[in-house]
Amino acid sequence: MNLDLVLFSAFLILSLFLGIISSKKVTNISEYAIGNRDFSTATMVATLIATWVGSSFVSYGIIETYRRGIYFLIPAAIDASLLFFIGWIFAPRMGEFLGKISIAESMGELFGQRSRMATVAFSLIRSIGSLAVQFKVAAKIMELIFGTSGEYATIMSAVIVITYSTLGGIRAVTFTDIIQFFTFGCVMPIITIVVWQALGEGNGTMVWNTITTSPLFDYKLAFNLNNPGFYEMLAMCMVFIIPEFQPTIFQRISMGSSVGQVVKSFKIAGLLCLLVQCVAIGLTILVYSDNPNVNPDDLVRYIINHYTHYDGFKGMVAVGIMAMLMSSSDSLINSISIIFAHDLCKPLKIINSKNELLIARLASIVSGLIAIFIALKVSSILNLMISIYGLYLPVVSIPFIFAIFGFRSSEKSVLFAMTGSLITIFLWKVLFSDSTIDSFIPGIIASIIFLFGTHYLTGQPGGWVGIKDKEALIAIKQQRSFKLGQFFHSIINFDFVKPLEKNSPNSEVMYVYTGFFCFLSFYLNLITVNYDHTFGKFFEVAVPIVLCMATSLFLYPVWP
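Numbering (UniProt numbering) for the sequence shown: 1 to 560.
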């Protein structure tokens, strides 16, 4: 049997098994959405990263880095750091939103029921469109890896995700996210190492030449004010630096046990996401160094066909990529089901609290099947949904972001902001279709203008009333000030001897062991490595110094 297929099938079976056994009995919609809010910080970090890494990481991040070089590297780094930015700036101010089932529920409490319904509509479009994209990318990549139609592998993966998401809710999602995070976290570096070795002995020189000579990585040209690419890069940075607070990210905030845990989780996840992004960027630069003439749209095909020569390696690549896609898909399915049942059907009195959980589970099944159908059969609708779900940021996120910072207004102001941003985006697409500036940016600006313009010109109630839960923010600010003071105090009163004394071994025998290790490693190094004349002078000086230090450590007990 094909080893690649065995590895891929084993991963899917393991995901299904672990997802089912992690599914505890869920009795209400709150447990289904956010559990009992008793997740560990490590679990929160893993599910955050797994939610962030999805189809865009494969189909957009790697390809655009190869196509645009530094013009995409900098916005991608900002995007990867966005979770840290949320943990540093936004999370300390979001104590009032902890325990909320969805962002639509919060928008309804802040700005009225019609704002809630608008948030429901754009959340569903965005989430179902994003889910369909995950399945579409999965189908294409599975087709490239296994050489046949990827529909069956995609359908099988999707059914598994739908199954454990429907049964276990957020607990099953977070548990499988840990497994999937571990999987792609191991596979991505392995792929990068294989590509590095494929470059041959001069791999370091090739990569350095690429970074220093290629126009795509010329930072001086990229930051030249006369270069149109600079302004495109700047516009992309502006879009990436604004948190979208899509339903899945809001859910990760609301399921935290405290503001402190949410802050810590997002900061750690942001740093790790930046590391994951660096691995992807490194992989892309290696491929570009090997062959800069690949069509960017065929880059994934090239990587799979050109570097997967080892038996089982294609299966490993398939497992890593599918882990990325599944980890985002299960979160999307869970959020879709909650929004449909709790924020659409219940407020419209189509259902009651008793059958809310049942409807949510049915919605997760139906939404998953719809996304599969759109991804595999109806590409025109998928393209439409992709263009529409980008409206979420200016329409929903902008009013919510100002609410986080303590701005409250009426339903009228928010609905005007939503409508104004939609009209602006539509007019921009019609009148300035050839512009390099995306319609997101004028849409964001319009949303801000209409929100504050309507509020102050028509005398709406509210304003900058401040955040409700100030205790957590004050405590975090005090802790930051204390740590900053400690840092400066340690610099001013730095004593080089104290850390040496504190970290010195207590046992004399450790010095002897260290000296013996230095002797052994030094002589083995001399025997096994053939040093050429380039480093001859260096070793003439280094050899006696190393031997002297090793001897001193070895004879440490007789120093007194």
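Note that CB positions come from ideal geometry on N, CA and C, so glycine has one too.
With a cut-off of 8 Å on Cβ pairs, the region 130-140 is in contact with the region 324-337, counting three or more such pairs. Around residue 119, the same chain offers 103, 104, 107, 108, 343 and 396 as residues with beta carbons nearer than 8 Å, after the five sequence neighbours per side are excluded.
Inside the region 447-511, DSSP marks whole alpha helix (DSSP H) runs of 4 or more residues at positions 470-492 and 497-503, from first to last along the chain.
Here DSSP, grouped into helix, strand and coil, assigns residue 432 to coil. For residue 33, the enclosing alpha helix (DSSP H) starts and ends at 29-34. Between residue 359 and residue 341 the beta-carbon gap is near 4 Å, inside 8 Å, which marks them as a contact. Between the beta-carbon of residue 255 and that of residue 190 there is about 32 Å, and that puts the pair past the 8 Å contact cut. In the structure shown, residue 245 falls within a coil segment according to DSSP collapsed to helix, strand and coil. 412 is the residue among 330, 178, 366 and 412 whose C-alpha sits nearest the C-alpha of residue 112. Membership of residue 313 in the alpha helix (DSSP H) is indicated by the continuous run 313-338.
With respect to the C-alpha of residue 539, the residue from 550, 555, 553 and 522 having the closest C-alpha is 522. Bounds of any alpha helix (DSSP H) do not take in residue 37, whose DSSP letter is neither H nor E.
A contact between stretches requires three or more CB pairs, one per stretch, nearer than 8 Å, and the region 62-78 meets this requirement with the region 292-303. Of all C-beta pairs linking the region 278-286 to the region 122-131, fewer than three are shorter than 8 Å, placing the two stretches out of contact. Distance from the CA of residue 318 to the CA of residue 311, rounded to the nearest whole angstrom, comes to 13 Å.
Short of 6 Å from the beta carbon of residue 216, and not among the five residues preceding or following it, lie these beta carbons of its own chain, in chain order: 69. Per the coordinates, the alpha-carbon of residue 464 lies some 20 Å from the alpha-carbon of residue 242. Separation of residue 339 and residue 487 (C-alpha to C-alpha, rounded to the nearest whole angstrom) is 45 Å. Beta-bridge partners of residue 408 (DSSP): 463. With respect to residue 543, residue 518 sits apart: the two C-beta atoms are not nearer than 9 Å.
Going by C-alpha positions, residue 514 is about 38 Å away from residue 286. When only Cα atoms are considered, residue 262 and residue 101 end up about 16 Å apart. Annotation for residue 195: 283, 286, 287, 290, 303 and 307 place their beta carbon closer than 8 Å to its own, counting only its chain and skipping 5 residues before and after. Proximity to residue 508 across 473, 484, 219 and 557 peaks at 557, based on C-alpha coordinates. Residues 51, 173 and 248 of the same chain have their beta carbon placed closer than 7 Å to that of residue 331, with the five preceding and five following residues left out of the count. Residue range 151-198 is occupied by the alpha helix (DSSP H) that includes residue 169. Boundaries of the alpha helix (DSSP H) around residue 300: 299-307. Residue 392 and residue 143 have their C-alpha atoms some 31 Å from each other. In this structure, the alpha-carbon of residue 3 lies about 31 Å from that of residue 333.
By the CB criterion at 9 Å, residue 322 and residue 12 fall inside the cutoff.
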